[in-house]
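Read through the structure below, which is laid out as structure tokens, and then see the notes.
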Amino acid sequence: MDIEELKRQAAEKAVAFIESGMVVGLGTGSTAVHATRAVGRMLQDGSLSDIIAIPTSEATAREAEKWRIPLTTLQNNPIVDITIDGADEIAPNLDVIKGLGGALLREKIVAAASKQLIIVADERKIVPQLGTVSPVPVEVIPFAQRPVAEFLASLSARVVLRVKEGQTFITDEGNIILDCHFDGIEDAAALGQAIRSQPGVVEHGLFLNMAARAIVAASDGITILKRE
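Using our numbering, the letters of the sequence shown correspond one by one to residues 820 to 1047.
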């Protein structure tokens, strides 16, 4: 079974938690896009109704519009019933790293406004400890690039400016991303607090104590993990 099929299965399993009338957060990335498409199909076939959605990126907004999903904003709907989003790493306690898709700031804002955050992923994203496979993305105001990079390096990170198609990657909010590679993260909460303390840092990709469930697809079936 190919990876895209596993992603689709996880996303469609997560969408089953959505009920008619909900405000839904739509995540960003290669797995979350399957959830957006599934919501669109369910609205079209009538199995869901009266859904309004908050996209976590401009790319997700465009995909939602293709599927005729009504969109809203946090200004109009500050409480989100459920958000479905992907992750780059999932630890045993359901802490996750997110942001390789470049939308970590909006993703975290929407996740924090949500009653329930459901992470969808394939089995490759499960790790024994955060920071062993994926870097921690840090969104930074461009003006502060060098001092922030030097500060992150002082935290034992190998810091890489994100580049896409030969150009510095710019987020939907006009910021840059510094990808911070660690040899495993012993204390994610302490690291997150340290990163946020540096002027110029907007947000980081450590999503701690936020996910209620993770739906993980593997070749032998789907597993639903719940936060203890």
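Glycine included, each C-beta is placed from N, C-alpha and C at the ideal position.
Nonlocal neighbours in the same chain, by C-beta distance under 6 Å from residue i, ignoring five residues either side
i       : result
Asp900  : Met841, Val842 and Lys934
Pro1010 : Before going further, note that residue 1010 is Leu rather than Pro in the sequence given. Same-chain partners within the cutoff: Ile1004.
Ala963  : Gly1019
Thr951  : Gly1003
Ala906  : Val915, Lys917, Ile938, Ala940 and Lys944
Gly844  : Ile873, Val899, Thr902, Val929 and Ser933
Ala851  : Asp904 and Gly905
Pro954  : Asp998, Cys999 and His1000
Contact set for residue i: own chain, Cβ-Cβ below 7 Å, skip 5 residues either direction
i      : result
Glu877 : Asp991
Ala857 : Ala830, Glu831 and Val834
Which of helix, strand or coil DSSP assigns to residue i
i       : result
Asp1006 : coil
Leu923  : helix
Ser868  : coil
Ala1013 : helix
Gln863  : helix
Phe1026 : strand
Bridge-paired residues (DSSP) for residue i
i      : result
His853 : Beta-bridge pairing links His853 to no other residue.
Ile903 : Leu845 and Ile937
Asp998 : Pro956 and Val979
Glu908 : Ile916
Integer Cβ distance of residue i from residue j, believed to fall under 8 Å
i      : j      : result
Pro874 : Leu919 : That belief does not hold up - the Cβ atoms of Pro874 and Leu919 are roughly 18 Å apart, past 8 Å.
Chain D within 8 Å of residue i, Cβ atoms only
i      : result
Val955 : Going by chain labels, chain D is absent from the structure shown, which holds only one protein chain.
Own chain residues within Cβ distance below 8 Å of residue i, not counting five before or after
i      : result
Ile888 : Leu845, Thr855, Val858, Gly859, Leu862, Ile870 and Ala872
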